[in-house]
Amino acid sequence: MIGPSGPVPPSPATGAGAFPGVRFSVLDRSRVREGRPVGEALRETVALAREAERLGYHRFWVSEHHGVPGVAGSAPAVLAAAVASATARIRVGTGGVMLPNHQPLVVAEQFGVLESLFPGRIDMGLGRSVGFTDGVRRALGRGKDEADAFPERLAELLGYFEGPAASGVRARPADAVRVPAFVLATGAGARTAAAAGLPLVIGGPRREKLVRAARTYREEFRPGPWAADPYVVVSGEVALAPDERAARRLLLPEAWAMSHARTHGTFPPLAPAARIEAMDLPERQRGLLESGLDGGVSGTEEQVTERLGGLIEATGAQEVLVTTSTYDRAGLLDSYRRLARLAGLVPSGAR
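Each residue of the sequence shown is one higher than the one before, counting from 1 in full-length UniProt numbering.
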């Protein structure tokens, strides 16, 4: 079978479980935990990738963040190489490389090397965001307006996989391989993905925005050498636990960190849920925290089946990219295992 990720073997990720025909994948952002070493977050990402492969998830992606105290993943191509080396079957990629931060030639070379080392397993998820703060943008040598040039940079990058550029420059070994590309975006970015004929990854707490982006993308999609048909991946937090309160509690550390970033201007490491529950938060931050919790999908197996199933139906998503982060690693692993069983991913003998 040929899909947007190239040749893939038959997988229990489609046609089984509570969400027939839908693939399930993982994006881990290497979130730092309060009081723990930064490097531990990267090692936990690699360990989670091994578990995701064992459970039958389709892909495992890593992200790019610069100068963010709560995120250790700053070099996605390097981390993707570590993940691919530690696994054997799962597809590995980025969610994503922020193309405005890099020269397309360098990105093509990096992914050409990855695909050459791990043939048939590498994905290239590409985003249009720039640095988190003015200081980071200055350090990267980029301005906020760099995102406006995303379509041109994307076209240049894809061109390197098709042969020499107009200047005669070849991106070796990218010109000898083909790495599936995805666009991470909503709004204008969805139109960019459609025009380029690439799969689209959309995420965010506002369901109506996701539905609108998916509709626009499908309406404007142009088949091409990278994909013959539209392909929509919905990304977001999904948490399962024995009861609804425990599942929602798993989402609390990330929701608190996001609310802190929006009210204090810094994105902190993940704090334990018990410490957050004891905090006396200002009214605005409390509202942002509750809004963040509501933006995820959490609950028991029955509740997640209904809530996630509704989102999949509304967007027509062919794949779900789960982005859950939490301080409680045991709870996180249990959640991924529960979701794998619910979706029918778990190979025989896995627990």
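Note that beta-carbon positions come from the ideal geometry of N, C-alpha and C, so glycine has one too. All values reported here derive from a predicted model rather than from experimental measurement.
Residue i - partner residues in DSSP beta bridges
i	result
Glu319	Arg23, Val233
Arg31	Val71
Arg91	Arg59
Phe182	Gly125
Ile312	Beta-bridge pairing links Ile312 to no other residue.
Val136	In the DSSP output, where bridge partners are listed per residue, Val136 has none listed.
Leu198	Paired residue(s): none; Leu198 is not in a bridge.
Residues near residue i in its chain [Cβ-Cβ closer than 7 Å; skip 5 each side]
i	result
Arg338	Leu240, Glu301
Val38	Val32, Ala72
Ala171	Leu105, Ala108, Glu109, Gly112, Tyr160
Val346	Leu55, Gly56, Ala340
Ala271	Glu34, Pro253, Trp256, Tyr327
Leu184	Gly95, Gly96, Gly125, Leu126, Gly127, Val201
Gly93	Arg59, Trp61, Ala80, Ile122, Asp123, Met124, Gly125
Pro76	Val62, Ser63, Glu64, Thr94, Val97
Gly6	For Gly6, the pLDDT reaches just 40, beneath the cut-off of 50, and the residue's location in the model is therefore unreliable, although a value from the coordinates is still provided. Result list for Gly6: Gly120, Pro180, in chain order.
Ala227	Pro4, Gly197, Leu198, Pro199
Gly316	Ala214, Val232
Beta-carbon spacing of residue i, residue j below 8 Å
i	j	result
Val97	Val71	no
Leu105	Ala340	no
Leu293	Leu251	yes
Arg23	Gln318	yes
Val68	Ala80	no
Gly127	Leu154	no
Phe19	Ile202	no
Glu53	Ile90	yes
Ser325	Gln285	no
Leu308	Val297	yes
Phe182	Leu198	yes
residue 423	Gly236	Outside the displayed span of the chain (1 to 351) sits residue 423, for which this structure offers no information.
Gly17	Ala343	yes
Gly299	Pro205	no
residue 359	Ala84	The displayed coordinates of the chain run from 1 to 351. Any statement about residue 359 would go beyond what the structure contains.
Glu44	Arg249	no
Ala88	Val46	no
Arg138	Lys144	no
Closer than 8 Å to chain D by CB, residue i
i	result
Gly197	The structure shown contains no chain D; it holds only a single protein chain.
DSSP state of residue i mapped onto helix, strand, coil
i	result
Met1	Because the pLDDT at Met1 is just 28, under 50, the model does not fix this residue reliably, and the value given afterwards should be weighed accordingly. In the structure shown, Met1 sits in coil (DSSP, three-state: anything other than H, G, I, E or B).
Val78	helix
Phe60	strand
Gly265	coil
Val130	coil
Ser325	coil
Val211	helix
Gly203	strand
Met279	coil
Ala255	helix
Gly299	strand
Ala239	strand
Leu270	strand
Val97	strand
Leu342	helix
Leu114	helix
Gly331	helix
residue 370	The question about residue 370 has no answer, for the chain in this structure spans 1 to 351.
Ala103	For the record, residue 103 in the displayed sequence is Gln; it is not Ala. Gln103: coil per DSSP, three-state reduction.
Own chain partners of residue i with C-beta closer than 6 Å, once the 5 adjacent residues on each side are dropped
i	result
Leu281	none
Pro119	none
Pro164	Arg170
Asp334	none
Pro151	Thr192
Ser129	Met98
Residues near residue i by beta carbon distance below 8 Å, same chain, minus five either side
i	result
Leu42	Ser30, Ala72, Gly73, Leu79, Ala82
Ser116	Pro173, Ala176, Val177
Ala314	Arg207, Leu210, Val211
Thr263	Pro282, Arg284, Gln285, Leu288
Asp243	Thr300
Val179	Phe111, Gly112, Leu114, Glu115, Ile122, Asp123, Met124, Phe161
Ala274	none
Does the structure place the stretch 222-240 close enough to the stretch 202-214 that three or more beta carbon pairs sit under 8 Å? Contact holds: three or more Cβ-Cβ distances are below 8 Å.
Three-pair Cβ contact test at 8 Å for the stretch 259-268 versus the stretch 219-230: Output reads no: the stretch 219-230 does not touch the stretch 259-268.
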